[in-house]
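Chains as they are written, first to last, in the working numbering: chain A, 39 to 492; chain B, 39 to 492.
Even glycine gets a Cβ: it sits at the ideal position worked out from N, Cα and C.
For reference, the structure is listed below as structure tokens.
There are 2 protein chains.
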Amino acid sequence: MMESKKYILTEKDIPTAWYNVLPDMPTKPRPILNPQTKQPFKEEELYPLFAKEVVKQELNTTDRWIEIPEEVREMYKIWRPTPLVRARGLEKLLDTPAHIYFKNESVSPVGSHKLNSAIPQAYYCKKEGVTNITTETGAGQWGAALSLAAKHFGLELAVYMVKVSYHQKPYRRSIMQTYGAQVIASPSMSTRAGRKMITDNPNYQGSLGMAISEAVELAMATPNCKYTLGSVLNHVSLHQTVIGLEAEKQMEMAGEYPDVVIGCFGGGSNFCGITYPFIRHNFSGERNARFIAAEPASCPKLTRGVFQYDFGDEAGYTPMIPMRTLGHNFSPANIHAGGLRYHGAGSVPSQLIEDGLIEAVDIPQLETFKAATMFAQSEGIIPAPESSHAISAAIREALKAKEEGVQKAILFNLSGHGLIDMASYDRYFAGDLTNYEIPEEELLKNTRDLEKLI
Amino acid sequence: MMESKKYILTEKDIPTAWYNVLPDMPTKPRPILNPQTKQPFKEEELYPLFAKEVVKQELNTTDRWIEIPEEVREMYKIWRPTPLVRARGLEKLLDTPAHIYFKNESVSPVGSHKLNSAIPQAYYCKKEGVTNITTETGAGQWGAALSLAAKHFGLELAVYMVKVSYHQKPYRRSIMQTYGAQVIASPSMSTRAGRKMITDNPNYQGSLGMAISEAVELAMATPNCKYTLGSVLNHVSLHQTVIGLEAEKQMEMAGEYPDVVIGCFGGGSNFCGITYPFIRHNFSGERNARFIAAEPASCPKLTRGVFQYDFGDEAGYTPMIPMRTLGHNFSPANIHAGGLRYHGAGSVPSQLIEDGLIEAVDIPQLETFKAATMFAQSEGIIPAPESSHAISAAIREALKAKEEGVQKAILFNLSGHGLIDMASYDRYFAGDLTNYEIPEEELLKNTRDLEKLI
């Protein structure tokens, strides 16, 4: 089975600049708004919360290429460039004429793509004299990555980890602690937002939206402290474009151009990272690839959400973002893909899907674990439950190609491995997992009053 | 901190032959004996237990180079060649003039070097028409590797996993199950050896020696079934020499030759794998490097054992091997480096240490976790508890170099990552781990009657 072919780049091929998609977009996303004034945020209004440099990147709509600082590129060299793999084992198992490629971001020391943005975010904070940073984490992939980056740059880090994942994935909490970070289960009693939630709903198992509220609140209350975010915002996707830029070169080595590019979708960071560099050739008219965001059926903001201004967090502390959203109070089911349990999509992917430039599919949990097991047995790598959504979508496309008798090239991002998620696999094999069907009425009840927000 | 430099080879640099150390040894090890006849084993006497090709390799004392089959090399390409890394982060942290290099075997899909031998062993079984294989595993690294290789070649696999690790490391059990293997906690009720042990000692937490007995017994009782072993024997070390052969080329790229080469030591597979290709230049007189095997202080066969013929397993089913041993009934303490909980060393490393050609150090458990945490924070990779013994020995050497003001090149093998061992790290941080000091009398009580065996 495993005769998979790797396409390997050298350190010289690590990109020297990130690709900023904003200048090339046919319809620019609407601006993020200050919830107090309902006006577009000015740079300096965001400085209290974020490092200045990332604010500049966040609002930059003119520069197509943003130089990667040498210190960041040096750290990228620890594991980058990552391999592109032709998944011949999976192709054989599916008996498909399609060629399936995956970009293997699981080879980073923390096991996922998240380090691509953790490093520059920690770097810019350090460079601006910040001493403390805060963040949220779902499954713990982002938290683990930021813990390592914070240790490297000598920053103190507090991580709010969504309570359900804190208990489902204790090993990832331990990883953060091994790198020296403070990890707090969210909702917690350490913030106003957390205390209110616990008081109103003592059994609430948390969400990324809640954890963001707590991390923002702590950052605002701590001297010389900034908040950092692992997804959703433009600058995070910007940093993640190293994935797609490398993959573009590697697909050239393989002598193909992808007909379909697929990423799993929580807030958008890994999907945007692998797709933007390819989307730019659609914008320019050179190419006509399809782009598929794979989200959980139990948290389907892209396929079943509304397009409205919404908060990035539950308590309403963040800027208001034009999102495909289920509402910032949407409480996602306890699926094991903790990194995808988020109510909204970033402003850019939301605009792209609105304009029909990207597609989305929603995948039930059991299908993702079936796909994950097939992938593990045919390619040798046990995927993260999040990444398994991308694998599922790739398998659907490959089977469609077989049905239609068409050869096509499918590229997906393997955003992380699942070695820390084995308890989830155990529960799947034991038959303990469900799909969490959500009735329409339940799904959209938190979006009813969104238009009143602005 | 992390400015570590990687030395990367291409697929063309994957060795085409394994290095067989036996022809070059100044004193050949004494032969392994048939316990019934007390005579050296003939090839055909071992065929019922092992694949024929590995028996030939086991007893081959004449061919310096053994060709790697193309099917095996193809599978090696999934993750090989592995990186050699200059650990500048760790050097800085220690403020040492020494240059520290590590060969990163943790990048394999199962997270350790064990796949190097699992693949050829499964391949030879398949080629000879075998349908079922059995094995033992301690921490689960070998079992996980063999599960993947067995799935690839379509073999059914039963793994006896040492009971203490079965409970300490449930995730690694899940990994084996995800790859489709049967996993049984050892001692079990499924074999005579296991039943006897459970009857005599109901609370026994198992050992590699016991698990080997059960795997051998099941193999002998099952039609068309062979037993496979992850360490100790010559053919396993032979397969592992891909590590040292690649490292040799990579040290050349770095423009240095190691003054010291270090591996952790359970049965010997990863230590032998990284050292043999370098030892051959000592044998030829070209070089004069030192070689250090790092074993747990609680299972110190190399530093405190006797040199005697002994069994490879507790029940006495295996060939008799000339070993540095603590006795096949030695019951190792429940340290978290499950892969190092083994009573004896392979015949070749035993002979080499007897002849003063390699050295050994024994490291207390707490020192290994301290070293592991330093390594994780300075190099980004969380090491396996087994590999942390090698890191500890490397740190000792680097600090000695600092004391003496000498620049030297230290190379160690990072045999695996510790992402599945985070529960052990948790216990370390909580202060729950101890060093397990063993009094001399207790340590050697199982070696008293060994000479009566032959």
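Any beta carbon of chain B sitting closer than 9 Å to that of A:SER212? Closer than 9 Å: yes.
Local Cβ density within 10 Å of B:MET227, reported as buried at 16 or more and exposed below that: Using a 10 angstroms sphere on the CB of B:MET227, the tally of other CB atoms stays under 16, which defines it as exposed.
Residues of chain A with CB closer than 7 Å to the CB of B:ASP464, please, in chain order. Contact annotation for B:ASP464 against chain A: SER212 [CB-CB distance below 7 Å, chain order].
Reduced DSSP secondary structure (H/G/I, E/B, other) of B:TRP180: In this structure, B:TRP180 counts as helix in the three-state DSSP scheme.
Consider the Cβ of B:GLY418: report whether some Cβ of chain A lies at a distance smaller than 9 Å. Output row for B:GLY418: interface = yes.
Going by Cα to Cα distance, which pick from B:GLY301, B:GLU479, B:GLY247, B:PHE321 is closest to B:ILE429? Considering only alpha carbons, the answer is B:GLY301.
Assign A:ARG230 to buried or exposed, taking buried as 16 or more other Cβ atoms, counted over all protein chains shown, within 10 Å of its Cβ. With a threshold of 16 other beta carbon atoms within 10 Å, A:ARG230 falls short and is exposed.
From the DSSP output, in three-state form, read off A:ASN170 for me. Assignment of A:ASN170 by DSSP, reduced to helix, strand and coil, places it in the strand class.
Return the Cβ separation of B:VAL298 and B:GLU435 in integer angstroms, given the expectation that the two are a contact with Cβ distance under 8 Å. Right, their Cβ atoms sit about 5 Å apart.
Euclidean distance between Cα positions of A:VAL254 and A:ILE458: Cα to Cα, A:VAL254 sits roughly 27 Å from A:ILE458.
Which of the three DSSP states is assigned to B:ALA422 in this structure? For B:ALA422, the three-state secondary structure derived from DSSP is coil.
Classification of B:THR65 by the beta-carbon crowding that lies within 10 angstroms, buried from 16 upward: B:THR65 is exposed by the Cβ-count criterion.
Pairwise C-alpha distance: A:GLY454 and A:GLY149: Distance from the CA atom of A:GLY149 to the CA atom of A:GLY454, rounded to whole angstroms, is 5 Å.
Assuming B:HIS427 and B:THR411 are in contact, meaning their beta carbons sit under 8 Å apart, how far apart are those beta carbons, in whole angstroms? About 14 Å separates the two Cβ atoms, so there is no contact after all.
Suppose contacts are defined by Cβ-Cβ distances below 9 Å. Is B:ILE157 in contact with B:VAL197 by that definition? No. Outside cutoff.
What are the residues in the stretch 395-424 of chain B lying within 9 Å of chain A by C-beta distance? Those would be ALA410, THR411, ALA414, GLN415, SER416, GLU417, GLY418, ILE419, ILE420, in chain order.
Using the Cα positions of A:TYR45 and A:VAL123, report the straight-line distance between them to the nearest angstrom. Spanning the two alpha carbons is a distance of roughly 6 Å.
Using beta-carbon positions only, say whether A:LEU340 and A:PHE303 come within less than 9 Å of one another. Yes. Within cutoff.
Taking its Cβ as the centre, do 16 or more other Cβ atoms sit within 10 Å of A:GLU424, making it buried, or is it exposed? A residue is called buried when at least 16 other Cβ atoms come within 10 angstroms of its Cβ; A:GLU424 meets this threshold and is buried.
Bridge partners - A:VAL123, DSSP secondary structure assignment: Beta bridge pairing from DSSP links A:VAL123 with A:LYS44, A:PHE140.
Taking any Cβ of chain B, which residues in the stretch 210-237 of chain A have a Cβ under 7 Å from it, in chain order? Residues SER212, ILE213, GLN215, THR216, TYR217, GLY218.
Per-residue contacts from B:GLY149 into chain A (C-beta, under 7 Å): In chain order: LEU457.
9 Å is my cut-off, CB to CB: does B:HIS190 come that close to chain A? Chain A, which has a Cβ nearer than 9 Å to the Cβ of B:HIS190, makes this yes.
What is the DSSP secondary structure of B:CYS310, reduced to helix, strand or coil? In this structure, B:CYS310 counts as helix in the three-state DSSP scheme.
List, in chain order, every chain B residue whose beta-carbon is nearer than 7 Å to that of A:PHE467. Neighbours of A:PHE467 on chain B, chain order: GLN215.
Burial state of A:VAL168, where buried means 16 or more other Cβ atoms lie within 10 Å: That one is buried.
With a threshold of 9 Å between beta carbons, is B:ILE171 in contact with chain A? At a cut-off of 9 Å between beta carbons, B:ILE171 makes no contact with chain A.
Spatial distance of B:LYS141 from A:GLY350 (CA atoms): Rounded to the nearest angstrom, the two C-alpha atoms are 43 Å apart.
Output needed in chain order: residues of the stretch 102-117 of chain B with a Cβ under 7 Å from some Cβ in chain A. Interface annotation for the stretch 102-117 of chain B against chain A: GLU112, MET113, LYS115, ILE116, criterion Cβ-Cβ distance under 7 Å.
Hey, does A:PRO53 have any beta-carbon neighbour from chain B nearer than 9 Å? No, A:PRO53 does not count as interfacial toward chain B.
With a threshold of 9 Å between beta carbons, is B:VAL93 in contact with chain A? No - not a single Cβ of chain A is within 9 Å of the one on B:VAL93.
Quick one: residues in its chain with C-beta nearer than 7 Å to the C-beta of B:GLY377, no 5 flanking neighbours on either side, listed in chain order? The beta carbon of B:GLY377 sits closer than 7 Å to the beta carbons of GLY176, ALA177, GLN179, GLY304, GLU424 from its chain, once the five residues preceding and following it are set aside; these are given in chain order.
Short Cβ contact (9 Å threshold) for A:ALA422 with A:ALA375: In contact: A:ALA422 and A:ALA375 (Cβ atoms closer than 9 Å).
Any idea which residues DSSP pairs B:MET358 with across the strands? In the DSSP assignment, B:MET358 is bridged to B:LEU71, B:PHE349.
Report the option in B:PHE309, B:LYS50, B:LYS408, B:PRO334 whose CA atom is closest to the CA atom of B:ILE281. Ranking B:PHE309, B:LYS50, B:LYS408, B:PRO334 by CA distance to the CA of B:ILE281 puts B:PHE309 first.
Report the option in B:GLU392, B:GLY365, B:LEU60 whose CA atom is closest to the CA atom of B:TYR380. Nearest option by C-alpha distance: B:GLY365.
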